[in-house]
Structure formats: structure tokens, C-alpha cells
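These notes are about the structure you will find just below.
Residue numbers (this note's numbering), protein chains in the order written: chain C, 6 to 286; chain P, 29 to 343.
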């Protein structure tokens, strides 16, 4: 990846992170930790990988995206705003009465949302159904789904994985955000779904392991996924929960709470300072 | 009297899907390893490329059906009522109901007429569950003719539909001239003393009950309520006003099904005695279907008794 592209992706990822902070601060609730950990992947998907038209969000040949870990909605809304699907002015209305920005993604109300999600384990099934629909219709669009690692504790994930492997859905790319933390603690303390790569491999997925915050690795993995035939791909991305906001990184307490006014200012300053550096460059 | 032809509504479902499959490329049928019992096996054989077996994984099946529908497919997701509405309730609510996707749920083996398999498979709660999901249409056809028409009406409607079918062969009540419309009850017999509102296999019993009542000098109206949701308010309010007593009859729990829906409506509009014939808040058991229907009071004789009780409550 050339330096200019990488700078742009880093810039957009910072905007997504800023939207996560703006949204959850104004909502006084929400899930910043697991939203920040997928910001880089969303930046790459929406600015490099996916074939999409922000001015025609229902275009039938578009690539599809399903946020199976629906609670990371603030990051999805951030990238939809950055990419022009929705107005950036909407971000502070997250979770407010009457706003289209529901606490979890709502395909009926939000342009660019391909599936309503939020109840864990269900998004991957829908993604498999969309991928199967493409095959049945002879269309070559691809479907991407991001799952949480705690979400893997849901049995439906493995029903879907079995199905996707069995149906050889090579147009489906599942990304597992492996930040190792869920609401009640770290995975190993709660109910470990580890080892993750071996499980997906056993369900006939092509498995790729990457660093979630390294755009070169993200690019290489998604390029590789497109070449795999006869199998869906699972990209297991090792991520840092809260990535990009110093005091939130690797802190389970930031799974599901909003920053207060003081914390908001700190986070905003960190992200705006980083953004300013890109603007100057 | 000539021998009455009987056909299980699950058989009608299976054969109508084959007919629809030939007419419309968008039709996809899913099943959860029960295609021989749900009768989707005919479609599986005729259109193998458009038959998707999810295996014994109903939760995933509903999610896949939701995803497929977003690509323009009209998906019939089939399983037993117990698993389609019960096991997969939350998937139906969140992945199909909330986004109001165009998925048709073909639920066979509803009610206790499942018979010998017993309580674990005798779903008497599905209407209550599905009725609580905003925007869900619920169709519970009475015979072969109505089943075929209901399936076609479901295809013509954009949005989620729960279709409820039975295992037991039931009399064919209607000929091709029968008019079916989603959301409309059909008055099968006029009457002035009491109205029997029946659905599914209880429609035949309701007609028999009306004959028995006639012999005792009671004039009973019979309404076939194949659409449980949206409920036909007008036909019910008129029946309450004109006959002053209502009996509901369904092969479902008396809690939350047709009886519940009718009682809710009338208590808020035309307060009227409503007696409910159905499974009385208990589990089923193993046995031949016809024996169980009698044992659980899902029969003409019980409708007659409840009709008299309703009339006695009139002011």
C-alpha cells in the first residue's frame, strides 16, 4: 500500500473514531470500546474494498456489509457519514428519540445499512443468506460481516458457520474482531470461544489472522479472501478494544458506557490532534 | 351422505409450492431437515437449485431467509410450528419482523393433531407468539382450497407472513369459487343467537356444531377466520352486535390466539360474552390425533356446550 493511500485510510479511521466519541458522548450511553476496535477495518472496507454507491444505497449489485456485532453501531454510523451515506450532522443524535440513528443498526431507517442487527449471532446468518442470494441470482457482489469475539459464544454463529462452509459461500467474508474483552470480563473468564481460527477452519472456512490496526495486513487479507474459491473466508483480527483513545484502550469498563464531559474533552483532543497532523501533511 | 374428501393442509402447502415454483423464479424454499414431513420435498425434487436445506438449525434458517429476502427472493422457511415459531422466535422477531422482510414462514404440524409425537411437538403457542410481533400477518387456513389461496395471497403481499398448517387430513370445505382475502373473515352460515368464530381445522367442527345447535332450536352464525392478524374487526363487531354472544374455536391455547384476539377486540368495542374453545392452558400428550382432539375438547360437542354457555351470559 502506498503512503498516500495509507494516510487517507488512517485519516478516515480517525474520523470514525471521532464519531464514536461524539455519538456516545451526546447519547450518554452506547458502546465505544468495540466500536473503536473496528474503525480501521471499516475505513478500509468502505474506502477501498467495497463496491458501493453512497448516492444509490440500494444499488442491487453493491457489495453488502452486515455489522453482526450491532452494538458497534457508532463506528458504522461514523463510516457511513464519512463516506457520504448520511449527514455528519446526525452523529450527535445517536440514540436520541426520533433520530434515525438507532442504538443498533436499522436497515429500514438508515441509508447504507444492509441488515438490521443487534441481537448477537443473527447477523452472520443474514450475511450467509445474502451471499447465497448472490449465488442463486448469478451476481458477483460480495458480502462482509463483522462479528465480535464474545459473540462467538452464541450457538447461532456456529449454525451459520456450518451452513456457509457447507454451501461453499466463497463470496462471504466474515471478520472476527478479537479484542478479547466482553461485558463481564475477558473471554477466558466468561466462557472462552478460543481457539477461534481452528474453529472456523473446522467449519470449512479459509482462515487468515491479522493485526486489526495494520492497513497493510488488512489489505493483504481482503485481497486474499477474494481469491479463495469454494470456501468462505474468516479474517480473525487481533484488535485493541478502545483503540485510539488512550484511557479506553484494553479497558473492559469501556465496553458499554459513554465518556463524561471531562473524558469527552480528552478523547476529542487526542483524536483532533491526530487528525490535524494528517490535514497538515 | 357422500364420502368427504380429506387432505392435510401440509400436503396442500407442498403441492402449491411446486405450482408457484414453476410460475415464479423468485420463490426459494428452505427447510430444516423435515422436507418429507413438511411436504416441501416436492419442491426439493422439482427445483433442487432453489431448495435450501438448512439442516437441523432453525435459528440460522430464519436468518438466512432474512438475508435471502434482501436480494429479491421470496423465501418460504419451513419447519414444524414448534421450531419455526418457538425455537426461532427471536430470529423471526429481530431478523424478519423488525426489518419487515419478505419472508413467508411455512409452519406445519401445528396444534395437538400432531398426535403420537406428543407434547414436545404439539405447538399450541405459535399464534400467541407470532401475534405479538408488529407487522406479522398470520394465516391459518381451514382446508386444501383455502390453503392454496392463502399461500398465493402471502406471495402477493410484501412482508412477513406466518402460515399455519396441520399434519392431519381434514375435510375439503370449499371449492375453487371460494374467495380468500387476507384480513377478511368469511361468514359460512348465517345465524342470530350466537356466532362461532373458528379457524383452521376447527372450522369443520364449527359447521357441525351449528347443525347440532339448529336441532336444538339455536341459530348459530359461523365465521371462518383464517387471518388471525390483521383481525377482521368489522365482521366481529357486527357479529357481536347482531348475535350478542361469541364462541371462538381454534386448535391452539385459549391464551393469546384467536380467542384472545377476539376477546381483546370485543371488550374494547362491543362488550359481549366470549367463550373460548381451545387447548386449556395445558400441554398435549401422545395419542391418535382424532382421540386427542376429542379429549382436549376440540370438537363440535364442546363448541355446542360453550355456545349455550355464551348465550346464557347474554344480558
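Note that CB positions come from ideal geometry on N, CA and C, so glycine has one too.
Check, Outcome
"Proximity test, Cβ basis, 8 Å: residue 151/C and chain P", "no"
"Sheet register partners of residue 216/C (DSSP bridge)", "243/C"
"C-beta atoms of residue 127/C and residue 107/P nearer than 8 Å", "no"
"Backbone CA spacing between residue 249/P and residue 129/P [nearest angstrom]", "37 Å"
"Selected residue, minimal CA-CA separation from residue 182/C, among 218/C, 193/C, 165/C and 195/C", "218/C"
"The segment 101 to 134 of chain C: positions lying closer than 9 Å to chain P by Cβ", "111, 112, 113, 119, 120, 121, 122, 123, 124, 126, 127, 128, 129, 130, 131, 132, 133 and 134"
"Unbroken alpha helix (DSSP H) run spanning residue 167/C, endpoints", "160 to 171"
"The segment 323 to 332 of chain P touching the segment 157 to 169 of chain P, judged by at least three CB pairs closer than 8 Å", "no"
"Helix, strand or coil at residue 231/P according to DSSP, with G and I counted as helix", "helix"
"Rounded C-alpha distance that separates residue 239/C from residue 70/C", "14 Å"
"Beta-carbon proximity list for residue 169/C, same chain, < 6 Å, skipping 5 on both sides", "133, 177 and 237"
"Three CB pairs or more closer than 8 Å across the segment 60 to 69 of chain P and the segment 206 to 216 of chain P", "no"
"Of the listed residues 25/C, 84/C, 54/C and 149/C, nearest to residue 100/C (C-alpha basis)", "25/C"
"Where the alpha helix (DSSP H) through residue 92/P begins and ends", "86 to 97"
"Nearest-angstrom Cα separation, counted from residue 285/P out to residue 246/P", "26 Å"
"Start and end residues, beta strand (DSSP E) containing residue 303/P", "302 to 307"
"Per DSSP, the bridge partner or partners of residue 187/C", "190/C"
"Residues that residue 211/C bridges to, as DSSP identifies them", "238/C"
"Buried versus exposed call for residue 94/P [16 or more other C-beta atoms within 10 Å across all chains shown]", "buried"
"Alpha-carbon to alpha-carbon, residue 106/C and residue 68/C", "22 Å"
"Same chain only: Cβ atoms within 6 Å of residue 278/P, ignoring 5 sequence neighbours per side", "227, 230, 285, 286 and 306"
"Separation of residue 165/C from residue 251/C, as counted between CA atoms", "36 Å"
"C-beta atoms of residue 194/P and residue 113/P nearer than 8 Å", "no"
"Neighbouring residues, chain C, relative to residue 56/P (Cβ below 8 Å)", "141"
"Residues that residue 199/P bridges to, as DSSP identifies them", "34/P"
"Three-state secondary structure assigned by DSSP to residue 138/P", "strand"
"Closer than 7 Å at the beta carbon, the chain P residues around residue 164/C", "85, 87 and 88"
"Test: residue 137/C CB closer than 8 Å to a CB of chain P", "yes"
"Under 8 Å from the C-beta of residue 168/C: neighbouring residues of chain P", "82, 83, 85, 88 and 92"
"Extent of the continuous alpha helix (DSSP H) run through residue 289/C", "Residue 289/C lies beyond the residue range present for chain C, which begins at 6 and ends at 286; the question has no answer from this structure."
"Top-ranked residue by Cα proximity to residue 74/C, from 55/C, 43/C and 58/C", "43/C"
"Chain C residues whose Cβ lies nearer than 7 Å to that of residue 119/P", "127"
"Residue 111/P in three-state terms, based on DSSP", "helix"
"Residues that residue 7/P contacts on chain C, provided the C-beta gap is smaller than 7 Å", "Because chain P spans 29 through 343 in this model, residue 7/P falls outside it and cannot be assessed."
"Interface residues of chain C facing residue 122/P [CB-CB closer than 9 Å]", "121, 122, 123, 124 and 127"
"Contacting positions in the segment 92 to 111 of chain P - beta carbon closer than 9 Å to chain C", "92, 93, 94, 95, 96, 97, 98, 99, 100, 101 and 103"
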